[in-house]
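Asks: Following this message is one structure expressed as structure tokens.
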């Protein structure tokens, strides 16, 4: 007769916490009295093993999905990927035109005559460059090792056409796509090279139906995502540029006189932080609303994947800008609003579409990693803050957070970015190593901390998800529930706005 049969419905062994502290455990399957009296989650060995097994299974499933995406990156698939992810809210080609090229022109230039989609052989060859540049970007995004081979072919094509076709829009659009690619690679020499080609075209006054989209997209990328911005002056400068290229107005003319100059020359304090928040929220709300109006017209892009992806990107960029700005204050580690912002970014990395987010999500993730690492090292390790604590959100709800678990999620997200973008490995390898050491150091300090961090995603799942939903409504113009509820695209936007 084994122990389980003898003890009836009790657990065969003591719980993890009682074993750690050498206490007698009543082995109640619903939770022992010792843990109940202490107000902590009671975990038994078999439950811990099941949790670890499920995490491993989920990770394997995510890897399989990524591999499947790599294997199915066909020319036809690239069209869908471009309009749902790669183009953002600034497509540079009609969907039917891209489809026509892929289905009819990809390998038969000599047989194609001028028609409603292709005006000349020169345009056809430039669209081929555009196709190859986006294939390189898509393969980079899915961690496909073939992207290094594809980018070599693409650069050779662009170089061969530069002398005759540098005035052709799709040649320039190909150069801009390579700007995006090399931002992810961390090759800033090539970023500057291809950016200069785009600037020359825009200054030349050439007209094309998508020239405005190109200008907006380039301005968006150059205003804060080519380099990692950390100084107050640079942050304010980029905020002003984003506002100008979105509205055509100077930010200085839309706020009280002297406000922007004051922000440039002063640090954030407890007394003036409300002014910084108001200006930041004004800029963010204005840009997001204008983007929402633009999205209404992007019929070629409308799909569930597009709306979900834009929700993540819009939220992460807005939250990331807020985090980078208010981390300039001396009291940022004790500011619960900053803590809420960083937590929200971490939660966004749990979304199924995060592995397919573009390179402009790197800065928000890096800032979040630095913030949570500093929080653990400067507050928790020094004993001024417990590893598991409760924070009050802006919506008035309370959320229990295990900071070691959050730091692990941040590290997982950063490693995910490093697999896709060489820039992360080149610039932030030390950060990855420091985060790993911090996690190992705090995990070894207490077995109970390890137990809580392993199971925290299950323990606080409902509470955390509720917090994420509440905050997402405030910071994003896109919402999954709206997608499901809408009977048409018009209803979808009327529900949001």
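Residue numbers (UniProt numbering): 1 to 497.
All C-beta atoms, glycine included, are put in the ideal place defined by N, C-alpha and C.
For clarity, every value in this text was computed on a predicted model and none was experimentally measured.
With residue 133 and residue 84 assumed to form a contact (beta carbons below 8 angstroms), what rounded beta-carbon distance in angstroms separates them?
Replies: 17 angstroms between Cβ atoms; not a contact.
Asks: For residue 402, which of helix, strand or coil comes out of DSSP?
Replies: Three-state result, residue 402: strand.
Asks: For residue 100, which option in 407, 90, 127 and 81 has the closest C-alpha, if you only look at C-alpha atoms?
Replies: It is 127 whose Cα lies nearest to the Cα of residue 100.
Asks: How would you call residue 253, buried or exposed, if buried means at least 16 neighbouring beta carbons within 10 angstroms?
Replies: Answer is exposed; the Cβ neighbour count stays below 16.
Asks: Should residue 283 and residue 243 be called a contact, given that it needs their Cβ atoms to be closer than 7 angstroms?
Replies: Yes, they are a contact pair.
Asks: Pull up the CB-CB distance for residue 426 and residue 186, whole angstroms please, since I reckon it's below 8 angstroms.
Replies: Sure, about 4 angstroms apart at Cβ, within 8 angstroms.
Asks: Nearest to residue 182 by alpha carbon, out of 358, 313 and 410?
Replies: Comparing Cα-Cα distances from residue 182 to each of 358, 313 and 410, the minimum goes to 358.
Asks: Counting Cβ pairs closer than 8 angstroms, one from the segment 369-387 and one from the segment 397-408, do we hit at least three?
Replies: Judged by Cβ distances under 8 angstroms, the segment 369-387 makes contact with the segment 397-408, as three or more pairs qualify.
Asks: List the whole-angstrom C-beta distance separating residue 407 from residue 432, where the pair is believed to meet the contact cut-off of C-beta under 8 angstroms.
Replies: About 12 angstroms separates the two Cβ atoms, so there is no contact after all.
Asks: Who are the Cβ neighbours of residue 313 in its own chain at under 8 angstroms, not counting the five residues just before and after it?
Replies: The residues are 88, 357, 358, 360 and 361.
Asks: DSSP three-state label for residue 392, please.
Replies: In the structure shown, residue 392 sits in a strand (DSSP, three-state: E or B).
Asks: If you draw a straight line from the alpha carbon of residue 237 to that of residue 214, how long is it in whole angstroms?
Replies: Approximately 21 angstroms, taken between the alpha carbons.
Asks: The alpha helix (DSSP H) that contains residue 231, what's its start and end?
Replies: Taken as a continuous stretch (DSSP letters only), residue 231 belongs to no alpha helix (DSSP H), as it is neither H nor E.
Asks: Assign residue 34 to buried or exposed, taking buried as 16 or more other Cβ atoms, counted over all protein chains shown, within 10 Å of its Cβ.
Replies: Buried: at least 16 other Cβ atoms inside 10 Å.
Asks: Does the segment 362-371 come into contact with the segment 322-341, if we say contact requires no fewer than three beta-carbon pairs (one atom in each stretch) closer than 8 angstroms?
Replies: Yes, the segment 362-371 touches the segment 322-341.
Asks: What does a CB cutoff of less than 6 angstroms around residue 190 pick up in its chain, not counting 5 residues either side in sequence?
Replies: Counting only Cβ-Cβ distances below 6 angstroms, and skipping sequence neighbours, we find 182.
Asks: Name the residue from 94, 124 and 352 whose alpha carbon lies nearest to the alpha carbon of residue 106.
Replies: Out of 94, 124 and 352, 124 has the C-alpha closest to the C-alpha of residue 106.
Asks: Express the C-alpha separation of residue 398 and residue 118 in angstroms, rounding to a whole number.
Replies: Rounded to the nearest angstrom, the two C-alpha atoms are 58 angstroms apart.
Asks: I'd like the list of long-range same chain contacts for residue 424, defined as Cβ closer than 7 angstroms, with 5 residues on each side in sequence excluded.
Replies: So the list reads 362, 414, 417 and 418, once near-sequence residues are dropped.
Asks: When the Cα atoms are used, what is the spatial distance from residue 178 to residue 192?
Replies: Spanning the two alpha carbons is a distance of roughly 10 angstroms.
Asks: For residue 184, count the other beta carbons within 10 Å of its own beta carbon; 16 or more makes it buried, fewer makes it exposed. Which is it?
Replies: Buried: at least 16 other Cβ atoms inside 10 Å.
Asks: Does the Cβ-Cβ distance between residue 129 and residue 92 come in under 7 angstroms?
Replies: Result no, Cβ atoms of residue 129 and residue 92 do not sit closer than 7 angstroms.
Asks: Pick out the complete beta strand (DSSP E) segments inside the segment 252-326, 3 residues or longer, and give them in chain order.
Replies: If we require 3 residues or more, the segment 252-326 turns out to have no beta strand (DSSP E) run fully inside it.
Asks: So what's residue 113 in DSSP terms, helix, strand or just coil?
Replies: Coil, per DSSP.
Asks: How many angstroms separate the CA atom of residue 75 from the CA atom of residue 102?
Replies: Going by the C-alpha atoms only, they are around 6 angstroms apart.
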